[in-house]
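Under the numbering used here, the first residue of the sequence shown is numbered 1, with each subsequent residue one higher.
Cβ coordinates follow ideal geometry from the N, Cα and C atoms, glycine included.
Have a look at the structure below, then the notes.
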Amino acid sequence: MTTFRPHTVYTLTLRDHCVQCRTWGDPAAPPVLMLHGWMDVASSFQFLVDAMRSDRYVIAPDQRGYGGTEWTRETAGGYWFADYVADLEAVIDHFSPTAPIDLVGHSLGGNVCSIYAGIRPDRVRRLVSLDGFGIPASSASKAPAQYRKWLDAIKVPSTLSTYETLAKVADRLQKNNARLRRDRAEWLAAHWAALHADGRWHLQADPAHKLPFPTTYRLDEVIAIWSEVTAPTLWIGASESEAKQWNGYTDDTVVPASREGHAVGTFASRLAAFKDIQFTVVQGAGHMLHHDEPEAVAALVEAHLG
Numbered sequence: 001m002t003t004f005r006p007h008t009v010y011t012l013t014l015r016d017h018c019v020q021c022r023t024w025g026d027p028a029a030p031p032v033l034m035l036h037g038w039m040d041v042a043s044s045f046q047f048l049v050d051a052m053r054s055d056r057y058v059i060a061p062d063q064r065g066y067g068g069t070e071w072t073r074e075t076a077g078g079y080w081f082a083d084y085v086a087d088l089e090a091v092i093d094h095f096s097p098t099a100p101i102d103l104v105g106h107s108l109g110g111n112v113c114s115i116y117a118g119i120r121p122d123r124v125r126r127l128v129s130l131d132g133f134g135i136p137a138s139s140a141s142k143a144p145a146q147y148r149k150w151l152d153a154i155k156v157p158s159t160l161s162t163y164e165t166l167a168k169v170a171d172r173l174q175k176n177n178a179r180l181r182r183d184r185a186e187w188l189a190a191h192w193a194a195l196h197a198d199g200r201w202h203l204q205a206d207p208a209h210k211l212p213f214p215t216t217y218r219l220d221e222v223i224a225i226w227s228e229v230t231a232p233t234l235w236i237g238a239s240e241s242e243a244k245q246w247n248g249y250t251d252d253t254v255v256p257a258s259r260e261g262h263a264v265g266t267f268a269s270r271l272a273a274f275k276d277i278q279f280t281v282v283q284g285a286g287h288m289l290h291h292d293e294p295e296a297v298a299a300l301v302e303a304h305l306g
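This is the structure:
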């Protein structure tokens, strides 16, 4: 029978917002903060934590609008990247008010952590991003259409599917990720969804997360921020991840020897933005690499964090 490391749940009020944080380990141990991705929850890191061998105090907040954290109060139901960054700082200030902290983020969480590390380099000791290396660059010419798309979308209420049973939620998780073991899918299902008064299981996520962003992705700004990161950084990709197609990395990608001369938007240009970065790819894993190969990911993370 699979056993999972016990956790503690804290509910905090940060930035006038109710935030739920899940923690594992001894609060006296060196802290590491883990930040989940889009349409996910903090519990997603359970299998990675189970695979870790070092004595660490792991802190994982539910990002706004996910899990046990309060939904946005904006009438348009918007979720702004800048708020994710500010929320992260609030959690860091609560758990590590003076000392720099280690950050591990997955996908959206990896992008938030990487941006924060460039904005507040003195607050981050070491940085790990799991398949979160930015999104495809967008040109300014696409801005009018992007705003039109957003304005049209906010006029229609967003919805998410509901499920008859918890087993159906687990089925959905395995449909999303065929590599996810059934025991892990069943465990995650109970944290990914909650039973409502209508007798159905609802995902613990604000449907507004499905709305498009009104702004384009400004890679030049992102590169400028990444160039300010001083923390030793590890990017971990996955051999079977769909992100490889639009990020442009391969199993053989290496960190470029020079920070100059790389075409804008290439994966090499993204790696070259960092002063101190390593890159590796976990074999046999998809985008949810911390679910597919948690032991391999844990070994890489722990070796980097020291």
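| Nonlocal neighbours in the same chain, by C-beta distance under 6 Å from residue 210, ignoring five residues either side | For this step, residue 210 is matched to residue 210 along the sequence shown. Once the five neighbours on either side are set aside, the close Cβ partners of residue 210 are 158.
| field | Alpha-carbon to alpha-carbon, residue 137 and residue 145 | value | Here residue 145 corresponds to residue number 145 of the sequence shown, with the count starting at 1. Here residue 137 corresponds to residue number 137 of the sequence shown, with the count starting at 1. Going from the Cα of residue 145 to the Cα of residue 137 covers about 15 Å.
| Measuring CA to CA, which of 113, 73, 98, 80 is closest to residue 61? | The residue labelled residue 61 in the question sits at position 61 within the sequence shown. Measuring from the Cα of residue 61, the nearest candidate turns out to be 113.
| request: Give every residue of the same chain whose Cβ lies closer than 7 Å to the Cβ of residue 225, excluding the five residues on either side of it in the sequence, and list them in chain order. | output: The sequence position of residue 225 within the sequence shown is 225, counting from 1. Correct list, in chain order: 115, 118, 119.
| said: Can you confirm whether the segment 127-143 touches the segment 230-237 when touching is taken to mean that 3 or more C-beta pairs between the two stretches lie within less than 8 Å? | reply: yes
| Spatial neighbours of residue 11 in its chain, beta-carbon cut-off 6 Å, leaving aside the 5 residues before and after | Residue numbering aside, residue 11 sits at position 11 when the sequence shown is read from its first letter. 20.
| query | Taking the alpha-carbon positions, what's the residue 273 to residue 34 distance? | reply | Here residue 273 is taken as the residue at index 273 of the sequence shown, counted from 1. Here residue 34 is taken as the residue at index 34 of the sequence shown, counted from 1. Looking at the two C-alpha atoms, the distance is approximately 23 Å.
| Can you tell me the Cα-Cα spacing of residue 248 and residue 280, whole angstroms? | Position 248 of the sequence shown, counting from 1, holds the residue named residue 248. Position 280 of the sequence shown, counting from 1, holds the residue named residue 280. Roughly 14 Å between the two C-alpha positions.
| said: So, at 6 Å on beta carbons, what are the nonlocal neighbours of residue 307 in its own chain, with the 5 sequence-adjacent residues on each side left out? | reply: Within the shown structure, residues of the chain are numbered from 1 to 306, placing residue 307 beyond reach of any answer.
| Are there 16 or more other CB atoms within 10 angstroms of the CB of residue 42, so buried, or fewer, so exposed? | Translated into positions along the sequence shown, residue 42 becomes position 42. Buried.
| query | Among 59, 73, 109, which one has its Cα closest to the Cα of residue 91? | reply | Looking up residue 91 in the sequence shown gives position 91. Ranking 59, 73, 109 by Cα distance to residue 91 puts 59 first.
| query | Can you list, in chain order, the residues of its chain whose CB lies under 7 Å from that of residue 100, leaving out five sequence neighbours each side? | reply | For the purposes of this step, residue 100 is identified with residue 100 of the sequence shown, where counting begins at 1. If we look at residue 100 and ignore the five residues flanking it on each side, its Cβ neighbours are 122, 123, 124, 125.
| message | Need the endpoints of the beta strand (DSSP E) that residue 57 sits in, please. | response | Within the sequence shown, the letter at position 57 stands for residue 57. Residue 57 -> beta strand (DSSP E) spans 57-61.
| Residues bridged to residue 102 [DSSP beta-bridge criterion] | Counting from 1 along the sequence shown, the entry for residue 102 is found at position 102. Residue 102 is bridged to 32.
| For residue 182, which of 244, 176, 171 has the nearest alpha-carbon? | Here residue 182 refers to the residue found at position 182 of the sequence shown. Out of 244, 176, 171, 171 has the C-alpha closest to the C-alpha of residue 182.
| said: Please state whether the Cβ-Cβ distance between residue 200 and residue 164 is less than 8 Å. | reply: Walking along the sequence shown from the start, residue 200 turns up at place 200. Walking along the sequence shown from the start, residue 164 turns up at place 164. Yes.
| query | Considering only residues of the same chain and omitting the five flanking positions on each side of residue 194, which have a CB-CB separation below 8 Å? | reply | Walking along the sequence shown from the start, residue 194 turns up at place 194. Around residue 194: 201, 202, 204.
| task | Taking the CB atoms as reference points, tell me whether residue 52 and residue 302 lie closer together than 8 Å. | result | As a first step, residue 52 must be located in the sequence shown, where it is residue number 52. As a first step, residue 302 must be located in the sequence shown, where it is residue number 302. Cβ distance < 8 Å, so residue 52 and residue 302 count as in contact.
| field | DSSP-derived helix/strand/coil call for residue 277 | value | Taking the first residue of the sequence shown as position 1, residue 277 is located at position 277. Three-state DSSP puts residue 277 in a strand.
| field | Whole-number beta carbon distance between residue 57 and residue 105, since they are thought to touch under 8 Å | value | One-based indexing of the sequence shown puts residue 105 at position 105. One-based indexing of the sequence shown puts residue 57 at position 57. Between residue 57 and residue 105 the Cβ distance is about 17 Å, and since that is not below 8 Å, they are no contact.
| When the distance is taken between beta carbons, is residue 127 closer than 8 Å to residue 32? | On the sequence shown, residue 32 is found 32 positions in, with the first residue counted as 1. On the sequence shown, residue 127 is found 127 positions in, with the first residue counted as 1. Not a contact, by the Cβ cut-off of 8 Å.
| said: I'd like the span of the beta strand (DSSP E) that includes residue 203, first residue to last. | reply: Taking the first residue of the sequence shown as position 1, residue 203 is located at position 203. Unbroken beta strand (DSSP E) run through residue 203: 201-203.
| Which residues in the same chain have their Cβ closer than 7 Å to the Cβ of residue 39, if we skip the five residues on either side of it in sequence? | The count along the sequence shown starts at 1 and reaches residue 39 at position 39. Same-chain partners within the cutoff: 205, 209.
| task | Thinking residue 46 and residue 4 are a contact (beta carbons under 8 Å), I'd like their distance in whole angstroms, please. | result | Sequence index remark: in the sequence shown, residue 46 carries index 46 (1-based). Sequence index remark: in the sequence shown, residue 4 carries index 4 (1-based). About 6 Å separates the two Cβ atoms, so the contact holds.
| field | residue 174 versus residue 161 - alpha carbon distance | value | Taking the sequence shown and counting its residues from 1, the one referred to as residue 174 is at position 174. Taking the sequence shown and counting its residues from 1, the one referred to as residue 161 is at position 161. Distance between the alpha carbons of residue 174 and residue 161: 15 Å.
| request: Work out the CA separation of residue 84 and residue 17 for me, nearest whole Å. | output: Translated into positions along the sequence shown, residue 17 becomes position 17. Translated into positions along the sequence shown, residue 84 becomes position 84. If you take the alpha carbons of residue 17 and residue 84, they lie about 12 Å apart.
| said: Tell me which residue opens and which closes the beta strand (DSSP E) that residue 148 is part of. | reply: If you number the sequence shown from 1, residue 148 lands on position 148. The continuous stretches of beta strand (DSSP E) do not include residue 148, which lies in the alpha helix (DSSP H) extending over residues 143-153.
| task | Would you kindly report the start and end of the unbroken beta strand (DSSP E) that includes residue 180? | result | Here residue 180 refers to the residue found at position 180 when the sequence shown is read from its first residue. Element bounds for residue 180: n/a, residue is neither H nor E.
| said: For residue 54, tell me which candidate among 73, 66, 30, 69 has the shortest Cα-Cα distance. | reply: As a first step, residue 54 must be located in the sequence shown, where it is residue number 54. Among 73, 66, 30, 69, the Cα nearest to that of residue 54 belongs to 30.
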